[in-house]
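**Student:**
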Amino acid sequence: VGLNRMAWNSPSRRPVWQGGAPREDGGARGVWRPSSGQVSAQRTGRRLAALEPTPTGSLTPRPPRPVPGMPRARKGNTLRKGGQRRGGGARSSAQADSGSSDDEAASEARSTASECTSLLSTTAEDSLGGDVVNEQGQQEDLEEKLKEYVDCLTDKSAKTRQGALESLRLALASRLLPDFLLERRLTLADALEKCLKKGKGEEQAVAAAVLGLLCVQLGPGPKGEELFHSLQPLLVSVLSDSTASPAARLHVSDLVSCLACLESVFSRFYGLGSSTTPVVPANLHGLLCAALQAWALLLTICPSTQISHILDRQLTRLPQLLSSESVNLRIAAGETIALLFELARDLEEEFVYEDMEALCSVLRTLATDSNKYRAKADRRRQRSTFRAVLHSVEGGEREEEIVRFGFEVLYMDSWARHRIYTAFKEVLGSGMHHHLQNNELLRDIFGLGPVLVLDATALKACKVPRFEKHLYNAATFKARTKARSRVRDKRADIL
């Protein structure tokens, strides 16, 4: 581009104006003539075209020119430079294959799971009032694909099993398939048990996640409880095994209904290093965070007779985890402390914590943390969480959180409800709203009542026009800005 611009700006290549000055009405009295350089280039091109012979016969495309710096492809057993064939490096290629086996397993699992993702995306509706195209046929195709994945769970190849588990995890998280799973619950339970027993770290982790989704799909009935109790001893053994993979133990901890077992995972790091700063290996941060969150989840359904013993045993020791290097572990510890204070005040309205000043000081520091060596997103998430935790610990209530899905609204005004919602969201992912609308188990837990049945006409009538949404959002934004400007104004008196 630079050379072409220089050539055009040269005097010999510029067009030449021939004529007089412009007329009064703005018209021109001349024309633009090509320069001598342009005329010479045109004549040279015509001469070369006249000298080139006319092609005869069929025209064949010219092969592409090799890119400079790129190696040329060799055909067959063409000798390389030095007289060695490609097969002579079998030993080095075998070493590379053995070193990248884990990456290949993960990539194959992702490619297999992508097929299930594309199949699931074809069954979604184009809009709220749109019609589903051949829904019954697509449902049958999905079930046939899932049958293949269930059969692949017993394959000898670890890559195939892991890919099938990933596909099942995606399908169970995004769709509701209770009838399909009821017919094959024994087959799935047997296959998942083998994956948990004989599989390696990543395979065990995905198998535990699939088992959790399977329990959510089957619901609170006897079939789901029977499935969970049959595999509970195996899950406890995997969680308690210190030689097992941290990833497998992390996913298993979401399922084990044993407070003592979960406490043993994160309580062992109390008091290490110093009295206030526990030393936790970096590869165990995720495991400790998952165990702490699962333990807090079980506290939401724990009888009141055991809550007092748990408060005496853990409330004075949990603040040690607030000084952890992991932001996720700090946030999990802060939310668990807020949950414990909430449960304690439900038992005793005038609950008093002995070391309240020191705890509030630590929480206030985390709520205003501005260390530059931490990521900006982590600082923002930490400050937001610990502002709410500090407000709850000091005696206030948790701010109400609103979750909208479809035409319904879920209100969360307590730490217990927030912990339950977060646990389901971590398992279901993007399919959380779909399950809130159609899964009877989740609707029963959150008190949403029976499933709403709305036809396409009702959905289209309830849909708000886009222009009205825009007006509503603009008015809300303006009111929010006015309300916050009073606090943000530096000239305002701060009492």
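Read in UniProt numbering, the sequence shown has 481 at position 481, and its numbers run on one by one without any break.
For glycine and all other residues, C-beta sits at the position ideal for the given N, C-alpha and C.
#1: For F405, which three-state DSSP category applies?
#2: How many Å lie between L340 and A483 at the Cα?
#3: Going by DSSP, name the residue or residues bridged to M412.
#4: Taking only three categories from DSSP, how would you classify K482?
#5: Which residue's Cα is closest to the Cα of L390: V451, C360, L410 and G406?
#6: How about R419 and T300: are their beta carbons less than 7 angstroms apart?
#7: What is the residue span of the alpha helix (DSSP H) that N438 lies within?
#8: Identify, in the order they occur along the chain, each residue of the same chain with its Cβ nearer than 7 angstroms to the Cβ of R184, setting aside the five sequence neighbours on each side.
#9: Can you round the beta-carbon distance between L196 and A209 to whole angstroms, since I take them to be within the 8 angstroms contact cut?
#10: Leaving aside the five residues before and after T476 along the sequence, list all residues of the same chain whose C-beta is less than 7 angstroms from its C-beta, in chain order.
#11: If you reduce the DSSP assignment to three classes, tell me which class K463 lands in.
#12: Apply the 10 Å Cβ neighbour rule to T385 and answer buried if 16 or more other Cβ atoms are within range, or exposed otherwise.
#13: Using the Cα positions of L192 and E202, report the straight-line distance between them to the nearest angstrom.
#14: When DSSP labels each residue in this structure, what does E166 get in the three-state scheme?
#15: My understanding is that H435 touches L168, with C-beta atoms under 8 angstroms, so please give their C-beta distance in whole angstroms.
#16: Find the nearest neighbour of C215 within the set K200, P178 and P246, judged by alpha-carbon distance.
#17: Can you give the beta carbon distance from I337 to L318, rounded, assuming they're within the 8 angstroms contact cut?
#18: Could you have a look at S245 and say whether DSSP puts it in helix, strand or coil?
#19: Could you tell me the distance, in whole angstroms, from the CA atom of A377 to the CA atom of D369?
#20: Return the CA-CA distance between A344 and L442, expressed in angstroms with no decimal places.
#21: Would you mind reading off the limits of the alpha helix (DSSP H) that contains F351?
#22: Assuming K200 and S237 form a contact by the criterion Cβ under 8 angstroms, report the distance between their Cβ atoms to the nearest whole angstrom.
#23: Please confirm whether G212 and V427 have their CB atoms less than 7 angstroms apart.
#24: Under three-state DSSP, which class holds N371?
#25: For E225, report the span of its alpha helix (DSSP H) as first-last.
#26: Would you grab the beta carbon distance between E394 and D413 for me? Rounded to a whole angstrom, and I think it's under 8 angstroms.
#27: Using the three-state DSSP reduction, which class does G334 fall into: helix, strand or coil?
#28: Measure the C-alpha to C-alpha separation of I402 and V409 and round it to an integer number of angstroms.
#29: Decide if G429 is buried, meaning its Cβ has at least 16 other Cβ atoms within 10 Å, or exposed.
#30: Does DSSP put I301 in a helix, a strand or coil?
#31: CB-CB under 6 angstroms to N328, same chain, minus the five flanking residues each way: which ones, in chain order?
#32: Let me know the secondary structure DSSP gives F446 once reduced to three states.
#33: Taking its Cβ as the centre, do 16 or more other Cβ atoms sit within 10 Å of G431, making it buried, or is it exposed?
#34: With respect to the alpha helix (DSSP H) encompassing T154, which residues constitute its N-terminal and C-terminal limits?
#35: With respect to the alpha helix (DSSP H) encompassing Q320, which residues constitute its N-terminal and C-terminal limits?
#36: Suppose you measure from the CA of A296 to the CA of G447; what does that come to, to the nearest Å?
**Tutor:** If we stick to the structure as given:
#1: Looking up residue 405 in the sequence shown gives position 405. Three-state result, F405: strand.
#2: Stepping through the sequence shown from its first residue, residue 340 is reached at position 340. Stepping through the sequence shown from its first residue, residue 483 is reached at position 483. Taking the straight line joining both Cα atoms gives about 33 angstroms.
#3: As a first step, residue 412 is located in the sequence shown; it is residue number 412 there, counting from the start. DSSP, once it has assigned bridges, lists E401 as partnering M412.
#4: Taking the first residue of the sequence shown as position 1, residue 482 is located at position 482. Three-state DSSP puts K482 in a helix.
#5: For this step, residue 390 is matched to residue 390 along the sequence shown. With distances taken between Cα atoms, L390 lies closest to C360.
#6: On the sequence shown, position 419 is the one that residue 419 refers to. On the sequence shown, position 300 is the one that residue 300 refers to. Yes; because the gap between Cβ atoms is below 7 angstroms, this pair is in contact.
#7: As a first step, residue 438 must be located in the sequence shown, where it is residue number 438. Where N438 is concerned, the enclosing alpha helix (DSSP H) stretches over M432 to N438.
#8: Your numbering for residue 184 matches position 184 in the sequence shown. Around R184: V150.
#9: In the sequence shown, counting from the first residue as 1, residue 196 sits at position 196. In the sequence shown, counting from the first residue as 1, residue 209 sits at position 209. With a Cβ gap of about 11 angstroms, L196 and A209 do not count as contacting.
#10: Reading the sequence shown from its first residue, position 476 is the one you call residue 476. Cβ neighbours of T476 beyond the five flanking positions: none.
#11: Position 463 of the sequence shown, counted from the start, is the residue given in the question as residue 463. Coil at K463, not helix or strand.
#12: For this step, residue 385 is matched to residue 385 along the sequence shown. The residue is buried, with at least 16 neighbouring Cβ atoms inside 10 Å.
#13: Residue 192 sits at position 192 when you count from the first residue of the sequence shown. Residue 202 sits at position 202 when you count from the first residue of the sequence shown. Those two C-alpha atoms are separated by around 13 angstroms.
#14: Taking the sequence shown and counting its residues from 1, the one referred to as residue 166 is at position 166. DSSP places E166 in helix when its eight states are reduced to three.
#15: For the purposes of this step, residue 435 is taken as residue 435 along the sequence shown, with counting starting at 1. For the purposes of this step, residue 168 is taken as residue 168 along the sequence shown, with counting starting at 1. H435 to L168, Cβ: 16 angstroms. No contact.
#16: If you number the sequence shown from 1, residue 215 lands on position 215. Comparing Cα-Cα distances from C215 to each of K200, P178 and P246, the minimum goes to P178.
#17: Locating residue 337 in the sequence shown gives position 337, where the first residue counts as 1. Locating residue 318 in the sequence shown gives position 318, where the first residue counts as 1. That belief holds up - the Cβ atoms of I337 and L318 are roughly 6 angstroms apart, short of 8 angstroms.
#18: Mapped onto the sequence shown, residue 245 falls at position 245. Here S245 sits in coil by DSSP.
#19: The residue given as residue 377 occupies position 377 in the sequence shown. The residue given as residue 369 occupies position 369 in the sequence shown. If I take the Cα positions, the gap works out to 12 angstroms.
#20: What you label residue 344 is simply residue 344 of the sequence shown in a count that begins at 1. What you label residue 442 is simply residue 442 of the sequence shown in a count that begins at 1. Looking at the two C-alpha atoms, the distance is approximately 26 angstroms.
#21: Residue 351 sits at position 351 when you count from the first residue of the sequence shown. Here F351 belongs to no alpha helix (DSSP H), and DSSP marks it neither H nor E.
#22: In the sequence shown, residue 200 corresponds to position 200, counting from 1. In the sequence shown, residue 237 corresponds to position 237, counting from 1. The Cβ separation is near 16 angstroms, so there is no contact.
#23: For the purposes of this step, residue 212 is taken as residue 212 along the sequence shown, with counting starting at 1. For the purposes of this step, residue 427 is taken as residue 427 along the sequence shown, with counting starting at 1. Yes, the Cβ-Cβ distance between G212 and V427 is below 7 angstroms.
#24: Locating residue 371 in the sequence shown gives position 371, counting from the first residue. Coil at N371, not helix or strand.
#25: Here residue 225 is taken as the residue at index 225 of the sequence shown, counted from 1. Its alpha helix (DSSP H) spans residues P222 to S240.
#26: Position 394 of the sequence shown, counted from the start, is the residue given in the question as residue 394. Position 413 of the sequence shown, counted from the start, is the residue given in the question as residue 413. Not a contact, Cβ separation roughly 17 angstroms.
#27: Taking the first residue of the sequence shown as 1, we reach residue 334 at position 334. Correct three-state label for G334: helix.
#28: Within the sequence shown, numbered from 1, the residue matching residue 402 stands at position 402. Within the sequence shown, numbered from 1, the residue matching residue 409 stands at position 409. So the alpha carbons of these two residues sit roughly 7 angstroms apart.
#29: Start at 1 with the first residue of the sequence shown, and residue 429 comes out as number 429. So G429 ends up on the exposed side.
#30: As a first step, residue 301 must be located in the sequence shown, where it is residue number 301. Residue state, collapsed to three classes: coil.
#31: The residue given as residue 328 occupies position 328 in the sequence shown. Counting only Cβ-Cβ distances below 6 angstroms, and skipping sequence neighbours, we find C289.
#32: Along the sequence shown, one-based indexing puts residue 446 at 446. Correct three-state label for F446: coil.
#33: Counting from one through the sequence shown, the residue named residue 431 turns up at place 431. Classification for G431: buried.
#34: By 1-based counting over the sequence shown, the position of residue 154 is 154. First-last for T154: undefined, no H or E at that position.
#35: Counted from its first residue, the sequence shown places residue 320 at position 320. That residue, Q320, is in no alpha helix (DSSP H); it is neither H nor E in DSSP.
#36: Position 296 of the sequence shown, counted from the first residue, corresponds to residue 296. Position 447 of the sequence shown, counted from the first residue, corresponds to residue 447. C-alpha separation (whole angstroms): 21 angstroms.
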